[in-house]
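Residue numbers (our numbering): 10 to 751. Glycine included, every Cβ here is placed at the ideal spot set by N, Cα and C. Values in this document were obtained by computation on a predicted structure and should not be read as measured data.
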């Protein structure tokens, strides 16, 4: 069914064993992805059952498009988001629905106060309410007069409003918003379009008054503002007003400056109490916060005139005001008729720049907006996408950044400010190998391996990791000498939820073995000492051990983890039967090369697919229970642990679902890659169409970005970070890989 229209109707046929089946002839390939409904009716002697299932018919990948222009009907079910970044960890995050605040992370200016490294962002400018006034008639700028929104390259957003002025006339108000590169600063340009004798528009010589009322805070972006806890009395006195703006200094090291280019600032403080944020409610968080406004800006606009509101945050008194502003021609009405769509890989290649930020003299990666900082695993997976996109300098810088952190085979799991002490990861050091191998392959030489990284070379660091994995790292990672597989302590993989432990996976996780195989294979090619044969022998043993210990013949897929305690060999571990997507890396990294087994793996994992994502666990019973405990009691069904919705209180609801059914975007391209590994070039078109099912995600949430996760259950609502680094980079990487196939 396509809405209320029946496309096909078929009755079932009976098999000799008494079961029934239905055959539908294939539909023509649609020009764009097409959503339809499969309606099943099952008739039995005593009952009739009706079931509906959603289907998505995929277009060809070359026809996939990402929306860049949004009109009023596009806001009926949800408001897309604009993400702006400054290259140093700061963030602008604004809903296309002007003034909508759905989350505590929504802010027009969330500054990174440290100029050298990424740290928790500090929210100081939350929203800006706006009105147009003509002949004492005030019209609020909101969805009621929304005309369109245009997303431009480099995270610039342009809004257009058709504002009534009475007597059948109106004006068009265009608003351009963006962050200033390298600065804790953002700016908004408000331009009244020229009437140009167009019918129904107010004459250019008739001025309208623009009122802008900024709502401000001073808080860590994870927190909320409560006026009664002190700000109600302290913040009004922390504002110093000037004719063209004000300075807000609630603490000595947080200073917000707002200035208008043409107009005046009027001191008229007010509070908004209990501003509700719906997404925070869904996440089980305190959803109500208070906002302070010290006054409003007033400016008059005739047709064709514009005014700029600039906001910047500093730690100390600073007269520097970034004066660069958007070009007026980038705000002309014609931009809404051009470039209405772009290709997914083009959008994401540009989006990659939002995640690359400064850390001292090198680069690092913001794992996701709005709340993540730099994570080792995420950064090193992200580097692969940078390499595929041709951003080689950035990739080299990030690899050197994390290479400097290597110590006894460990690399930071997370870095919080200057603290790199969390090294609870068994996969980040191995992803370092994979990223280096990608770089060497694309450059066609080993020059990078001999480049300096601190007081060592990259090659030295790689061998340091491998030696430590064989002999044992300080945090408990160690190679089993019998199987050559790698033991991983609890919570050391990307499935790392803890307190409560959702997926501890202590033992021998499958993707760690695939990564180890890739590392050993790379070492055989770059070892100048003549010991390449030793690495080759270990790689062969890993390959053999994966087949003998992980392969579940009756199930037709690989065990996700061989569970055991530290010091126990892999041969004595307990293999689980959880169907998870981690086994895809055994195919994509070459640890499993038998075509028949590869095809069985991708066939089994097809059960996990959703448009643009892969479920972290299949919705089926498991033989080996996965029990999750909280305060001494079981909070899930251990024998059917799938959870298809990621919402509610963190410990009781979201953490148990995070890796047990929630769909992830970063893994999805690996399924497409595994498909062509299994079926060769003849599988390219199928894999490409699957990959292109990610395209709608770039238009529905954070514009031109992909979310971290989605609900495993239909309608697969976007959850978690709405702009995730490795989700974007992996699509770019595999898109380029598929394009290169003949």
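For residue i, the three-state DSSP class (helix, strand or coil)
i, result
"residue 381", "coil"
"residue 501", "coil"
"residue 353", "helix"
"residue 680", "helix"
"residue 109", "coil"
"residue 279", "strand"
"residue 635", "coil"
"residue 319", "strand"
"residue 305", "strand"
"residue 328", "Its pLDDT being 48, under 50, residue 328 is placed unreliably by the model, and the measurement read from it follows with that caveat. If DSSP states are grouped into helix, strand and coil, residue 328 belongs with coil."
"residue 584", "strand"
"residue 472", "helix"
"residue 570", "strand"
"residue 254", "strand"
"residue 456", "helix"
"residue 17", "coil"
"residue 57", "strand"
"residue 510", "coil"
"residue 291", "helix"
"residue 285", "strand"
Neighbourhood of residue i by C-beta distance below 7 Å, restricted to the same chain and skipping five residues each side
i, result
"residue 328", "Low confidence applies to residue 328: its pLDDT is 48, below 50, so where it sits in the model is not reliable, and the reading given next is rough at best. Closer than 7 Å at Cβ, skipping near neighbours: no residue."
"residue 374", "364, 365, 383, 387, 388, 391, 407 and 734"
"residue 413", "462 and 463"
"residue 658", "293"
"residue 362", "none"
Cβ-based burial, residue i [other Cβ within 10 Å; buried from 16]
i, result
"residue 18", "exposed"
"residue 669", "buried"
"residue 118", "buried"
"residue 386", "buried"
"residue 305", "buried"
"residue 755", "Because residue 755 is not part of the residues shown, which for the chain are 10 to 751, the question remains open."
"residue 538", "exposed"
"residue 552", "buried"
"residue 447", "buried"
"residue 749", "exposed"
"residue 564", "exposed"
"residue 671", "buried"
"residue 160", "buried"
"residue 747", "buried"
"residue 283", "exposed"
"residue 317", "buried"
"residue 295", "exposed"
"residue 370", "exposed"
"residue 299", "buried"
"residue 278", "exposed"
Beta-carbon proximity list for residue i, same chain, < 8 Å, skipping 5 on both sides
i, result
"residue 582", "516, 517, 558, 571, 572 and 573"
"residue 173", "148, 154 and 179"
"residue 522", "494, 495, 551, 554, 555, 559, 595 and 600"
"residue 324", "122, 262, 263 and 264"
"residue 716", "674, 706, 710, 727, 728, 729, 730, 731, 732, 733 and 736"
Identity of the residues DSSP links to residue i by a beta bridge
i, result
"residue 495", "488"
"residue 131", "120 and 229"
"residue 719", "672 and 727"
"residue 173", "179"
"residue 419", "416"
"residue 372", "367"
"residue 136", "224"
"residue 166", "160 and 186"
"residue 76", "350"
Residues near residue i by beta carbon distance below 6 Å, same chain, minus five either side
i, result
"residue 590", "614, 617, 623 and 676"
"residue 111", "286, 287 and 288"
"residue 7", "Past the boundaries of the shown model lies residue 7; the chain is included only from 10 to 751, so the question cannot be answered."
"residue 645", "637 and 665"
Test: residue i CB closer than 7 Å to a CB of chain C
i, result
"residue 218", "The structure shown contains no chain C; it is built from a single protein chain."
Does the contact criterion of 3 or more C-beta pairs under 8 Å hold for the segment 701-721 versus the segment 68-82?
The count of Cβ pairs closer than 8 Å, one atom from the segment 701-721 and one from the segment 68-82, reaches three, so the stretches are in contact.
I'd like to know if the segment 204-221 and the segment 309-318 are in contact, where contact means that at least 3 CB-CB pairs between them fall below 8 Å.
At 8 Å Cβ cutoff, the stretches touch.
Looking at C-beta atoms only, is the number of pairs between the segment 522-529 and the segment 461-468 that lie closer than 8 Å three or more?
These segments do not touch.
Spell out a yes or no on whether the segment 494-508 and the segment 431-438 are touching, meaning 3 or more CB-CB pairs, one atom from each, closer than 8 Å.
The segment 431-438 and the segment 494-508 touch, with three or more beta-carbon pairs separated by less than 8 Å.
Would you check if there are 3 or more beta carbon pairs closer than 8 Å linking the segment 184-202 to the segment 89-96?
Taking a cut-off of 8 Å on C-beta distances, the segment 184-202 touches the segment 89-96, as three or more cross pairs fall below it.
Can you find at least 3 beta carbon pairs, one from the segment 114-133 and one from the segment 418-432, that sit closer than 8 Å?
Enough Cβ pairs lie closer than 8 Å, so yes.
Counting Cβ pairs closer than 8 Å, one from the segment 131-144 and one from the segment 215-225, do we hit at least three?
Counting C-beta pairs closer than 8 Å gives three or more between the segment 131-144 and the segment 215-225, which meets the contact rule.
Does the segment 710-727 come within contact of the segment 685-698, defined as at least 3 CB pairs closer than 8 Å?
They do not touch, by the three-pair rule.
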